[in-house]
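Peer 1: Take this structure, written in structure tokens, and hold onto it; I'll ask about it next.
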Amino acid sequence: MKKSFSLLEIILIISLLGFLYTAFIPKTQISKIDELTNRLILYLKQTRYQALINDKYSDNNELWHKQRWTLKFFRCRKSVGGIYYSIYSDKNASGHPSIEDSLKDSLSLKNIYSTNQCIENTNNSKYVLISQNFNIKEIEVSCNETSSLGQLSFGSNGKLYSKSSNIPNDSESYEIKNKCKIKLLNTLGEKRSIILENNTGYIYKEIL
10 MKKSFSLLEI ILIISLLGFL YTAFIPKTQI SKIDELTNRL ILYLKQTRYQ
60 ALINDKYSDN NELWHKQRWT LKFFRCRKSV GGIYYSIYSD KNASGHPSIE
110 DSLKDSLSLK NIYSTNQCIE NTNNSKYVLI SQNFNIKEIE VSCNETSSLG
160 QLSFGSNGKL YSKSSNIPND SESYEIKNKC KIKLLNTLGE KRSIILENNT
210 GYIYKEIL
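According to the working numbering, the sequence shown is numbered sequentially starting from 10.
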């Protein structure tokens, strides 16, 4: 009687088990809205960290606070439709940042940036085109005080701001005093929320 398996038989058994696992055991795949939510949380944390190490204060610039590191949501141009966002330090204080002003993804080194044309660009992070790539149809920022979809600016003191004042040396206006919530809704009716705590800077996904 044969008492042991040969090496070839063991390899065949392992290969068969691998095939069966691949063919018949369902894989858990993260949904697009969860993928986007997780990346947004990562980007918000990266933006806050960038603000902490990159103080924008300047004695020579009365509007220095407009250069704070900011994540801002925009609408794509009407002929395209959809929503996107960019993360930037607005050096020109125009509210319309250039790619040179944008922050880079710390993992891929791609620009966290788009224009309102919302065209896919291999140099830019895919996560900024949230309607085109992640089927997001609505976004709501609870602390929004802008005429756009909303923005979040981080100070080097750890504080969070909903807007950048146009008044010289008015750096503390629009500080967010309560927690802020970003709500995402996709075309399937799925909802996700991100919470930003104003005091601790803690950023996390709300459990619905």
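No residue lacks a Cβ here, since even glycine has one placed at the ideal position from N, Cα and C.
With L7 as the anchor, note down where its alpha helix (DSSP H) starts and where it stops.
Peer 2: Residue 7 lies beyond the range of the chain shown here (10 to 217); nothing can be said about it.
Peer 1: Give me the residue from R48, F83, N125 and Q141 with the minimum Cα distance to Q160.
Peer 2: Here the closest residue by C-alpha is F83.
Peer 1: Rank E109, C189, I92 and Y93 by C-alpha distance to the C-alpha of K100 and give the top, closest one.
Peer 2: Looking at the Cα atoms, E109 is the closest of the given residues.
Peer 1: Taking its Cβ as the centre, do 16 or more other Cβ atoms sit within 10 Å of N208, making it buried, or is it exposed?
Peer 2: The residue in question, N208, is exposed, as its Cβ has fewer than 16 Cβ neighbours within 10 Å.
Peer 1: So, are the CB atoms of S202 and K188 less than 7 Å apart?
Peer 2: In this structure, K188 does not lie closer than 7 Å to S202 by Cβ.
Peer 1: Taking the alpha helix (DSSP H) that L53 belongs to, which residues open and close that run?
Peer 2: K41 to I62 is the span of the alpha helix (DSSP H), which, as asked, contains L53.
Peer 1: Between N120 and the ligand ZN, is the CB less than 6 Å from at least one heavy atom?
Peer 2: With respect to the ligand ZN, the structure offers nothing, as it holds no ligand at all.
Peer 1: Given a cut-off of 7 Å on the beta-carbon distance, is the pair I92 and I62 in contact?
Peer 2: No, the Cβ-Cβ distance between I92 and I62 is not below 7 Å.
Peer 1: Who does F163 pair with in a DSSP beta bridge?
Peer 2: In DSSP, F163 forms a bridge with W78 and L169.
Peer 1: Restricting to runs no shorter than 3 residues, where is the beta strand (DSSP E) found entirely within the segment 85-161?
Peer 2: Counting only runs of 3 or more, we get 92-98 and 145-150.
Peer 1: Using DSSP's beta-bridge definition, name the partner residues of L184.
Peer 2: Looking at the sequence provided, one finds Glu at residue 184 rather than Leu. DSSP, once it has assigned bridges, lists Y170 as partnering E184.
Peer 1: Looking only at DSSP bridge pairs, what is K192 linked to?
Peer 2: Answer is E149 and S202, bridged to K192.
Peer 1: Exposed or buried, M10, counting other C-beta atoms within 10 Å across all chains shown (16 or more means buried)?
Peer 2: In this predicted model, M10 has a pLDDT of only 47, less than 50, meaning its place in the structure is not dependable; the value taken from the coordinates is given anyway. Result: exposed.
Peer 1: At the level of alpha carbons, what is the spacing between I96 and C85?
Peer 2: Whole-angstrom Cα-Cα distance: 16 Å.
Peer 1: Have a look at I176, S117, E199 and I148 and flag the residue whose alpha-carbon is nearest the alpha-carbon of E71.
Peer 2: That would be I176, whose Cα lies nearest to the Cα of E71.
Peer 1: Any idea which residues DSSP pairs Y213 with across the strands?
Peer 2: Y213 pairs with I204.
Peer 1: Quick one: residues in its chain with C-beta nearer than 7 Å to the C-beta of S157, no 5 flanking neighbours on either side, listed in chain order?
Peer 2: Excluding sequence neighbours, S157 sits near K81, F82 and F83.
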